[in-house]
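Novice: Quick one: the structure is below, questions incoming.
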């Protein structure tokens, strides 16, 4: 019974926190904001920075890959409350099934969203599965990261990032990066560099 109550309450609490931070933070956008005319792409963001992503991609024609671990079910329910579709699976559970589903969605014209260091790390390290997904779908990777002038960091494996209310925030949106058709290692390096760049720009945006 407790588990059922928690499963119902936690996604709604996440949703309310998300809405509260939208209303109390003055957000800026650097880079090409989402619009429905954009060609499909592979939206990539670190696991620690998933909380505010749905705000930047309201009405997004895409689906986010979320772990089948228990914490993933809370996140999936929360992002769906925020209007974002999800597909379930990871490198450790349901990965092959989710991979095929993501390919099917891409072929139907949808964008895809992933946390390339999820569900358990290493933190902020691009994994080969992202390269494989980019190659199979033909979609470019588009890195995105947000930061705020004041924030908390959790003591979780990913040091989850929580913006503080009543401050300023920014989303940094990178340029599309296509995977090399023959060199996975080169693609991995390019994708990691793109993720590192948007994070560095976001984290330094409010540094005096």
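Residue numbers (the numbering used here): 436 to 643. Here a beta-carbon is modelled for each residue, glycine too, at the ideal position from N, C-alpha and C.
Do the CB positions of residue 560 and residue 583 come within less than 8 Å of each other?
Specialist: no
Novice: Is residue 586 helix, strand or coil by DSSP?
Specialist: strand
Novice: Measuring straight from C-alpha to C-alpha, what distance separates residue 469 and residue 442?
Specialist: 31 Å
Novice: Within this structure, are the beta carbons of residue 449 and residue 550 separated by less than 8 Å?
Specialist: With contacts defined as CB atoms closer than 8 Å, residue 449 and residue 550 fail to qualify as a contacting pair.
Novice: Beta-carbon separation of residue 558 and residue 594 under 8 Å?
Specialist: yes
Novice: Can the beta-carbon of residue 380 be found closer than 8 Å to that of residue 629?
Specialist: Residue 380 falls outside the range modelled here, since the chain spans only 436 to 643, and no answer is possible.
Novice: Residue 465 and residue 606 - do their beta-carbons sit closer together than 8 Å?
Specialist: yes
Novice: Would residue 577 be called buried (16 or more neighbouring beta carbons within 10 Å of its own) or exposed?
Specialist: buried
Novice: Need the endpoints of the beta strand (DSSP E) that residue 598 sits in, please.
Specialist: 596 to 598
Novice: Span of the beta strand (DSSP E) holding residue 457?
Specialist: That residue, residue 457, is in no beta strand (DSSP E); its alpha helix (DSSP H) goes 437 to 459.
Novice: Going by C-alpha to C-alpha distance, which of 636, 632, 445 sits closest to residue 511?
Specialist: Answer by Cα proximity: 445.
Novice: How should residue 568 be labelled, buried or exposed, when 16 other C-beta atoms within 10 angstroms of its C-beta is the threshold for buried?
Specialist: buried
Novice: Which residues in the same chain as residue 571 place their Cβ atom closer than 6 Å to its Cβ, once the five residues preceding and following it in sequence are excluded?
Specialist: 538
Novice: According to DSSP, is residue 620 part of a helix, a strand, or is it coil?
Specialist: Helix, per DSSP.
Novice: The beta strand (DSSP E) with residue 603 in it runs from where to where?
Specialist: 602 to 608
Novice: So for residue 639, helix, strand or coil by DSSP?
Specialist: helix
Novice: Can you name, in chain order, every residue of its own chain whose Cβ lies under 6 Å from the Cβ of residue 438, other than the five neighbours on each side?
Specialist: Closer than 6 Å at Cβ, skipping near neighbours: no residue.
Novice: Could you tell me the alpha carbon to alpha carbon distance between residue 476 and residue 456, rounded to whole angstroms?
Specialist: Going from the Cα of residue 476 to the Cα of residue 456 covers about 27 Å.
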